[in-house]
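Contents: one structure, followed by commentary.
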Amino acid sequence: HQIAVIGLGYIGLPTAAVLASYGWNVCGVDVSEKVVETVNAGGVHIEERDLDQLVRSATETGRLTASTTVPTAHYYMIAVPTPLSDNNTPDIGYVEAAARAIAPQILPGACIIIESTSPVGTTEKVADIIAGMRPDIKVPAFGDASGGDIALAYCPERVLPGKIVHELVANDRVIGGMTPACAERAVGLYKSFVEGDCLMTNSRIAETVKLVENSFRDVNIAFANELSMIADEIGVDVWDVIRLANRHPRVNILQPGPGVGGHCIAVDPWFLVAGAPKTAKLVRTAREVNDHKAQHTEQRIRGLLSVTADSKIAVLGLAFKPDIDDFRESPALEIAENLAKDCGDRMLVVEPFTDTLPHGFSGTGAKLTTLDEALLAAEIVVVLVDHTAFKHLTPSDLANKITLDTRGMLNR
Ligand code: SAJ
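Residues 6 to 417 in the working numbering are what the sequence shown lists, from first letter to last.
Structural data, given as structure tokens:
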């Protein structure tokens, strides 16, 4: 059986490679010729644990190929980005474009699955696009048990960057059909490689579940971030407070940080807010608290820098979270780039996951260097990301320096 995976990004490429490793014939489709060439040559264009090996063997066996055009397949899986527009509303343009690219290829019996995080109702929009382009095919309508000639389902990805290859197989999956028969059809695909449970529901519930999962985490991180700012104001150590509060059997507070980044937790809650703007007060506030935490952190660092006019500052970490090379929506990167605009000549950046500083630093005088060199030269040390490469540091290593540890790394 042939599967076409549309979008070879952080979700599509690992999924395509895992499917191929379970014996499926997979054609990965991407608009970028460069990505297609890389994958066809057995390479990867993104860093993710165990992915390079998986893609290499999937292409060597011939089970994974890549193309810029959509082939005719039994299953079509859509894993394209759904970014946020300027006014914090979801942009499903890439999903719609994928639907338009798939429509001409579809044969009766095909199953289309959307994995991209999407606002509620997107699966029905995809159905409308296909129905509009293919009057010869009966597309199932939401909840209409009479079904159709094809199946259409929404099955959100829920893998954690850094553990994608493992979680793709291990996690439970929520599989929402336009009709129960559509869900069953999609389950047939997921059961072939998922070791977790495949939980069936309808497409609207599955779309909502995805947004709710990431909003849950955002709200809980916002609580930790707000606590850290309250603790600063009242003069107590937030890390001690959280550590001790978490010894209560029903309390489990997450970790404060310099803000929330990545392409999911910092984005998806807005999709929920867009669906019910007046009612989703807590979800919106959590987003605002987490965004504000980055500004708050930047102001605190500016305070440290203003104590002396020429002291050097070591900035540890730019990635959106530890041990990952992904800088998308990274609060650490945003804070460091903003600071570099005013005092780049005093900045020594340490980021083991890059060879060059991102564009935002160009012309600022900021230097990328090693941890040892930065610590030798700097009087101020700011931990923005708790990469494993920094974890051997102890408070005594930094005894004669002014330190701001936004991740509580030195306390742990
Ligand atoms: N963070 C904190 N404190 C914490 C935990 C995280 O400040 O206690 C920060 C991180 O540093 C990072 C951000 O939150 O900046 C998000 O990191 P994360 O590890 O919480 O999540 P992501 O964005 O890498 O992946 C999330 C996951 N969702 C949930 O855990 C509910 C993943 O399962 C999803 O598949 C992914 O979003 C996605 O693609 O939607």
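Just so it is clear, CB atoms sit at the ideal spot from N, CA and C, and this is done for glycine as well.
Just mark residue i as buried or exposed, buried being the case when its beta carbon has 16 or more other beta carbons within 10 Å.
| i | result |
| --- | --- |
| V170 | buried |
| E90 | In the sequence as presented, Glu is not what sits at residue 90; that position holds Ser. So S90 ends up on the exposed side. |
| I270 | buried |
| H268 | buried |
Would you kindly report the start and end of the unbroken alpha helix (DSSP H) that includes residue i?
| i | result |
| --- | --- |
| T302 | K286 to V312 |
| R190 | P185 to Y195 |
| D273 | D273 to G280 |
| M205 | Segment C203 to N207 is the beta strand (DSSP E) holding M205; no alpha helix (DSSP H) there. |
| R105 | G98 to I107 |
| N45 | E38 to N45 |
| I51 | Neither: I51 is in no alpha helix (DSSP H) and is coded neither H nor E. |
Identify, in the order they occur along the chain, each residue of the same chain with its Cβ nearer than 6 angstroms to the Cβ of residue i, setting aside the five sequence neighbours on each side.
| i | result |
| --- | --- |
| Y80 | I8, C116 and L194 |
| F358 | A324 and D330 |
| I407 | L309 and I385 |
| I210 | G181 |
| T70 | C32 |
| T374 | L353 |
Quick check: is any heavy atom of ligand 1 less than 7 angstroms from the C-beta of residue i?
| i | result |
| --- | --- |
| C269 | yes |
| I117 | no |
| L259 | yes |
| A229 | yes |
| E162 | yes |
| K346 | no |
| K396 | no |
| I226 | yes |
| P166 | yes |
| G14 | no |
| G370 | no |
| E120 | no |
| R248 | no |
Beta-carbon within less than 8 angstroms of residue i's beta-carbon, same chain only, minus the 5 sequence neighbours each way: which residues are those?
| i | result |
| --- | --- |
| V192 | I180, C203 and M205 |
| R105 | I134 and M138 |
Name the DSSP bridge partner or partners of residue i?
| i | result |
| --- | --- |
| K372 | L353 |
Beta strand (DSSP E) containing residue i: first to last residue?
| i | result |
| --- | --- |
| A158 | A156 to Y159 |
| S26 | Unbroken run through S26 is the alpha helix (DSSP H), G17 to S26; no beta strand (DSSP E). |
| D347 | Per DSSP, D347 belongs to no beta strand (DSSP E); it is in the alpha helix (DSSP H), P336 to C348. |
| S72 | L69 to S72 |
| A319 | I318 to L321 |
| Q110 | From DSSP, Q110 is part of no beta strand (DSSP E); its letter is neither H nor E. |
| M82 | Y80 to I83 |
Please list, in chain order, all residues of the same chain as residue i whose beta carbon is under 7 angstroms from its beta carbon, the five residues on each side excluded.
| i | result |
| --- | --- |
| F198 | V23, L24, Y27 and V174 |
| N176 | R163, V164 and G201 |
| A250 | V256 and I258 |
| R289 | V278 |
| G153 | K143, V144 and P145 |
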